[in-house]
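Colleague: My numbering runs 127 ahead of the 1-based position in the sequence shown.
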Amino acid sequence: MARSKRKSGGTTANIITALVFLGLLGYGIMLLIKSFGEAGQQYTDTMVKTKYDAINVKCQMNLRTIGQNIQMYAVSNGRFPPSLQELIEWSGSTQLFECSAPEGERYKYIPGQGSNAPSGNILLFEPKAVHDGRCGVLRVGGKIELLTPEELQQALARTMAGLR
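#1: Quick check: the Cα distance between residue 279 and residue 171, rounded to an integer number of angstroms?
#2: Just the C-alpha distance for residue 185 and residue 227, rounded to the nearest angstrom, thanks.
#3: If you measure between the beta carbons of residue 252 and residue 264, is that distance less than 8 Å?
#4: In this structure, does DSSP put residue 267 in helix, strand or coil?
#5: Just the C-alpha distance for residue 242 and residue 207, rounded to the nearest angstrom, thanks.
#6: Taking the beta strand (DSSP E) that residue 251 falls in, what are its first and last residues?
#7: Put residue 235 into one of helix, strand or coil per three-state DSSP.
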């Protein structure tokens with residue numbers, strides 16, 4: 128009988144040791160999975176931010192290209208385009224004139240200006256604030272900016288007042 132008690136006691140200790148080991152192993156695996164989950168979330172956040180930044184840069188490059196097209200149009204025709212539609216037809220690309228952000232819209236053009244207009248006047252702008260609460264703007268002088276809707280409204284008011 129003494130023999131069977133030793134076996135029983137040894138078996139119980141082995142089972143307890145195995146359960147503790149498996150519990151610790153499970154806890155370690157859970158921590159590992161959790162850390163991968165956090166790293167995965169950081170990776171996802173970084174990728175989303177990178178895509179957002181790329182959209183901002185693309186929008187600003189579109190505005191710069193449009194500004195160059197307006198200048199080339201002015202050299203060829205002696206004036207700025209009378210309408211956005213004429214500039215689009217002259218440029219040959221409709222995609223250039225739309226913000227690439229998911230909520231982006233077609234840019235708005237303010238006709239009736241020329242190279243002699245104040246360089247701070249707004250020439251082209253985004254109607255919706257899709258870039259971190261800001262709107263892309265092209266000024267007559269070629270400067271590209273991101274303005275808040277309030278700043279845009281003030282700049283548009285100054286531009287429109289100068290056109291009267």
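No residue lacks a Cβ here, since even glycine has one placed at the ideal position from N, Cα and C.
It should be emphasised that the depicted structure is a prediction, and the values quoted were computed from it without experimental measurement.
Modeller: The answer reads as follows:
#1: Residue mapping note: residue 279 aligns to position 152 of the sequence shown, counting from 1. Residue mapping note: residue 171 aligns to position 44 of the sequence shown, counting from 1. Between residue 279 and residue 171, the C-alpha separation is close to 32 Å.
#2: Residue 185 sits at position 58 when you count from the first residue of the sequence shown. Residue 227 sits at position 100 when you count from the first residue of the sequence shown. One C-alpha to the other measures close to 7 Å.
#3: The residue given as residue 252 occupies position 125 in the sequence shown. The residue given as residue 264 occupies position 137 in the sequence shown. Yes, these two residues count as a Cβ contact at 8 Å.
#4: Within the sequence shown, numbered from 1, the residue matching residue 267 stands at position 140. Coil at residue 267, not helix or strand.
#5: As a position in the sequence shown, residue 242 is number 115, starting the count at 1. As a position in the sequence shown, residue 207 is number 80, starting the count at 1. The C-alpha of residue 207 is placed about 7 Å away from the C-alpha of residue 242.
#6: Here residue 251 corresponds to residue number 124 of the sequence shown, with the count starting at 1. 249-252 is the span of the beta strand (DSSP E), which, as asked, contains residue 251.
#7: In the sequence shown, counting from the first residue as 1, residue 235 sits at position 108. Of the three classes helix, strand and coil, the one that applies to residue 235 here is strand, per DSSP.
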